[in-house]
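Please read the structure below before turning to the comments.
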Amino acid sequence: MFNSKETAEVLISHGANINEKDGNGNTALHIAATYNSKETAKVLISHGAKK
-16 MFNSKETAEV
-6 LISHGANINE
4 KDGNGNTALH
14 IAATYNSKET
24 AKVLISHGAK
34 K
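Rendered as structure tokens:
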């Protein structure tokens, strides 16, 4: 599911690079902020997501 806290947790637990940028230069944290997904943003930040 897109922009899901649970999905983020699973991906992080399997070694996903949370600071990887997409084709537009956005990180997962940028996308979470764009969609006002506060819980997903909290998970990302707690695992070291950068701006």
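Residue numbers (my numbering): -16 to 34.
Ideal Cβ placement from N, Cα and C applies to all residues, glycine included.
| Reduced DSSP category for residue 33 - H, G, I as helix; E, B as strand; rest coil | coil
| message | Relative to the C-alpha of residue 16, which candidate in 33, -2 and -7 has its C-alpha closest? | response | Distances from the alpha-carbon of residue 16 to those of 33, -2 and -7 put 33 closest.
| So is residue 26 buried or exposed if we call it buried at 16+ other beta carbons inside 10 Å? | buried
| field | Supposed contact pair residue -12 and residue 23 - C-beta distance, whole angstroms, cut 8 Å | value | 5 Å
| query | DSSP three-state call for residue 13: helix, strand or coil? | reply | helix
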